[in-house]
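Remember, this note's numbering sits 206 above the position in the sequence shown when you count from 1.
Yeah, the Cβ is synthetic: ideal placement off N, Cα and C, and Gly gets one too.
Quick notes on the structure that follows.
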Amino acid sequence: MWLKSAYKQINLASEINRKKMKIIDLSKPIKYNKTDPWFMKVKIKHKPHRKAKWLIRFLGLPFKLFPKDFIGWADDSIEKMGVHSTTHIDAPWHYSPTTNGKKSKTIDEIPLEWCFGEGIVIDMKHKADFDPITIADMEEFLMKNDLTIKEGMIVLIKTGRDKFNGTKDFHEKGTGMSAEATNWLIDKGIKVMGIDAWGWDLPLPYMLKMAKETGNSELFWEAHLVGKDKEYYHMEQLVNLDALPFQGFKIAVFPLSIVGASAAPARVVAIFD
Numbered sequence: 207m208w209l210k211s212a213y214k215q216i217n218l219a220s221e222i223n224r225k226k227m228k229i230i231d232l233s234k235p236i237k238y239n240k241t242d243p244w245f246m247k248v249k250i251k252h253k254p255h256r257k258a259k260w261l262i263r264f265l266g267l268p269f270k271l272f273p274k275d276f277i278g279w280a281d282d283s284i285e286k287m288g289v290h291s292t293t294h295i296d297a298p299w300h301y302s303p304t305t306n307g308k309k310s311k312t313i314d315e316i317p318l319e320w321c322f323g324e325g326i327v328i329d330m331k332h333k334a335d336f337d338p339i340t341i342a343d344m345e346e347f348l349m350k351n352d353l354t355i356k357e358g359m360i361v362l363i364k365t366g367r368d369k370f371n372g373t374k375d376f377h378e379k380g381t382g383m384s385a386e387a388t389n390w391l392i393d394k395g396i397k398v399m400g401i402d403a404w405g406w407d408l409p410l411p412y413m414l415k416m417a418k419e420t421g422n423s424e425l426f427w428e429a430h431l432v433g434k435d436k437e438y439y440h441m442e443q444l445v446n447l448d449a450l451p452f453q454g455f456k457i458a459v460f461p462l463s464i465v466g467a468s469a470a471p472a473r474v475v476a477i478f479d
């Protein structure tokens, strides 16, 4: 009798916790958007129910044996979508074939325990376009808000540039992480980090332009290329970071297990008790 009562209490507690849980989606919807630049275009074909009806008939089931009011099943296919086209997480293989002299991990090799943990938001919305995020920027924010980065956290960089997501020049706007700031996070025990801009670095066209103007061969993709020496994963094109407090939530970021891939789309969510 006592065992039955204990099970009831456990189930009740579980139900209460489930109802109290709040989840915020940090991933952009996957759909065709005509204003996306060509390299971000997604194309999905939606197949109506009635087409499956003929497929089932072709497979040998007579119409008279179809269940009553059965129209057929809907189906969909992704006809075009790069692994970096939408909210995604990059693997070390994206940055370099080797990390610290060893073969870099592809996205299917990410340790799953790194994909769930305590989250923290670092607000860098004040940073101007093309002004890189530095260690000093992050230290100032943490000190001002009495926050501490702890080993194993998932760090989210908020730039506010997700408001341009879906526009043709999204990839040309925003701030981004410097190499030194990326190194600093990794050295604090952070394996997974993310940003709501198009990319982790400063905007790609700007980096190309500045590298050519300055002749500096170390400028281009400097934050990504930290991954040649130190293993880390970063998310790009996050959304809704304004809906989060700076701390007090968990982050789940499980990418599709695409074997051998440099990245994968991920449904990134913040979870509150």
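For the options ASN306, HIS294, MET330 and ASP329, the alpha carbon positioned closest to that of ILE313 is the one of HIS294. Counting along the chain, ARG263 sits inside the alpha helix (DSSP H) bounded by residues 255-264.
Shown here for LEU425: same chain residues with a beta carbon closer than 8 Å to its own, the five before and five after excluded, namely MET413, MET416 and ALA417 in chain order. The C-beta distance from VAL475 to ASP231 rounds to 6 Å, short enough to meet the 8 Å contact threshold. Looking only at LYS364, GLU428, SER310 and PHE460, the smallest Cα-Cα distance to GLN443 is reached by LYS364. Residue pairing for MET441: DSSP places it in a beta bridge opposite ILE295 and GLY400.
Per DSSP, LEU267 lies in no alpha helix (DSSP H) segment and is marked neither H nor E.
Within the same chain, and ignoring the five residues on either side of HIS430 in sequence, the residues whose Cβ sits closer than 7 Å to its Cβ are TYR301, TRP406 and ASP407.
Secondary structure note for ASP281: its beta strand (DSSP E) is the uninterrupted segment 281-286.
Take the alpha-carbon of LEU410 and the one of HIS377: they are about 7 Å apart.
Under the three-state reduction of DSSP output, THR340 falls in the coil class, being neither helix nor strand. Under the three-state reduction of DSSP, ASP314 is assigned to helix. With fewer than 16 other beta carbons inside 10 angstroms of its own, SER463 counts as exposed.
Rounded to the nearest angstrom, the gap between the Cα atoms of TYR439 and THR292 is 16 Å. Counting of Cβ neighbours within 10 angstroms places ASN371 among the buried residues, the total reaching 16 or more. Between GLU285 and the set GLY454, TYR238 and LYS311, the nearest pair of CA atoms involves TYR238. In summary, LEU271 is exposed, with fewer than 16 beta-carbon neighbours lying within 10 Å of its beta-carbon over all protein chains present. Assignment of ASP231 by DSSP, reduced to helix, strand and coil, places it in the strand class.
In this chain, ALA472 is not harboured by any alpha helix (DSSP H); it is covered by the beta strand (DSSP E) spanning 469-478.
Within the model, the alpha-carbon separation for LYS379 versus GLY278 is close to 45 Å.
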